[in-house]
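UniProt numbering applies: residue 1 is where the sequence shown begins, and numbers increase by one.
A virtual CB, placed ideally from N, CA and C, is assigned to each residue, including glycine.
Take a look at the structure below.
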Amino acid sequence: MAWHIEGTYFENCNCDMVCPCSTSGLSAPADHDRCLVVLAFHVASGQVDDVEVSGLTVGVVADTPPLMSEGGWRMGLFMDEAASPAQAEALGGVFSGQRGGPMAGLGPLVGEMLGLEVARIEYADDGRSHRVRIGDAVDLEVEDFVSPLDATGKGVRVSGVGFPADTLAAGTATRSRVNAFGLAFENEGKNAFSAPFSWAA
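What follows is the structure in structure tokens.
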């Protein structure tokens, strides 16, 4: 059966600015010895088979080697506590890559699944500032970067990326604290991306 979800996403990693991993298709190394990243996906509308999944949020936390294409990722998944068992199963299939789509391409790179936790997820996005709080594990706020030389005020965009969307807004984290799945890090002031996304398989 087919599925389709769309919404908004943002991420924060410990690269300094405009992460080379994402912008190189995982072929250039991160700025540091490990890539520590958290991603939040809010599904504004979507259906997996006959299960409606609109309004739910999923979080991903990962620890990877600097050259992400080498694999060996350690990854954990947060599921919105507002999801019913059927919705959690449907979104779990999508975000684990078991249902195909963009996450399936990352599957071979994951060496260790650190777990799946159900938590209260609060997600907010005003188009420029993006915030998520996942239980006591993640407290993250990022802001898209607008160059002082940009007369349009539209902000810095990176195109041709492909995952999780073709064009990402570049930014920085104004608040970043993660303590989840045995990983603890703070990436305040470090790289962020945000974008609308639309996936199907």
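The Cβ neighbour count for M75, taken over all protein chains shown within 10 Å, is at least 16; the residue is labelled buried.
DSSP places G171 in the strand class (E or B) of the three-state scheme. Separation of the CB atoms of E141 and R175 is rounded to 4 Å, and the pair is thereby assigned contact status at 8 Å. With respect to the 7 Å criterion, V178 and V138 are classified as neighbours on the basis of their beta carbons. For the pair T57 and V132, the Cα-to-Cα distance works out to about 9 Å. Annotation: V60 to V146 spans about 26 Å, alpha carbon to alpha carbon.
Beta-bridge annotation (DSSP): F41 is paired with Y9, V58. Per the coordinates, the alpha-carbon of E70 lies some 36 Å from the alpha-carbon of E52. The criterion of a C-beta distance shorter than 7 Å is satisfied by P102 and F163. Taking the Cα of L39 as reference, the smallest distance to any Cα among A62, Q98, G46 is reached at A62. DSSP, read as helix, strand or coil, puts E112 in strand. By the beta-carbon neighbour count (other beta carbons within 10 angstroms, threshold 16), A170 is buried. M79 counts as buried, since at least 16 other C-beta atoms from the protein chains shown sit within 10 angstroms of its C-beta. Using a Cβ distance threshold of 7 Å, P65 and G72 count as a contacting pair.
Distances from the CA of F193 to each of A104, A165, W3 were compared; the closest alpha carbon is that of A165. The criterion of a C-beta distance shorter than 7 Å is satisfied by C19 and N191. Here the C-alpha atom of G100 lies approximately 30 Å from the C-alpha atom of D31.
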